[in-house]
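K.L.:
Going from the sequence shown to our numbering is simple: count from 1 and add 704. All C-beta atoms in this analysis are idealised placements derived from N, C-alpha and C, irrespective of residue type, glycine included. It should be emphasised that the depicted structure is a prediction, and the values quoted were computed from it without experimental measurement. Please see the structure below; I have some questions.
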Amino acid sequence: MTIKVGINGFGRIGRQVLKAIRENHSDILDVEAINDLWDVETNAHLLKYDSTYGRFPGEVETRDGDLYIDGELMKSYAVRNPAELPWGELGVDI
705 MTIKVGINGF
715 GRIGRQVLKA
725 IRENHSDILD
735 VEAINDLWDV
745 ETNAHLLKYD
755 STYGRFPGEV
765 ETRDGDLYID
775 GELMKSYAVR
785 NPAELPWGEL
795 GVDI
């Protein structure tokens with residue numbers, strides 16, 4: 705069973721959490737969505753080219769306001785109040 709994850713905040717820590725999940729725990733954790741006040745294009749660029757941790761090993765792109773990693777959709781939100789996020793609709797567990 706895969707646990708569905710939502711990441712609230714996509715700063716350096718949020719990006720490293722995503723990277724760690726994809727590199728080490730993708731068999732049990734699946735990131736469904738991220739929420740960050742920056743636009744998705746900026747978030748994609750920062751994920752792809754981290755000045756401290758280096759380049760992200762996968763393919764990162766944006767389409768229609770969402771983030772795609774290795775072709776896999778990751779819904780992207782820019783909601784200030786986390787209580788307003790549709791985690792339940794997305795089936796997010798944590």
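Since residue 708 and residue 797 are thought to touch, with beta carbons under 8 angstroms apart, how far apart are those beta carbons, to the nearest angstrom?
P.N.:
Confirmed, about 5 angstroms.
K.L.:
So, with DSSP's three-state summary, where would you put residue 712?
P.N.:
Residue 712 falls in the strand class under three-state DSSP.
K.L.:
Distance check for residue 711 and residue 742, CA to CA, integer angstroms please.
P.N.:
Each residue's alpha carbon lies about 14 angstroms from the other.
K.L.:
Using 10 angstroms around the beta-carbon of residue 728, count the other beta-carbons present and answer buried if the total reaches 16, otherwise exposed.
P.N.:
Residue 728 should be labelled exposed.
K.L.:
Exposed or buried, residue 737, counting other C-beta atoms within 10 Å across all chains shown (16 or more means buried)?
P.N.:
With 16 or more other Cβ atoms within 10 Å, it is buried.
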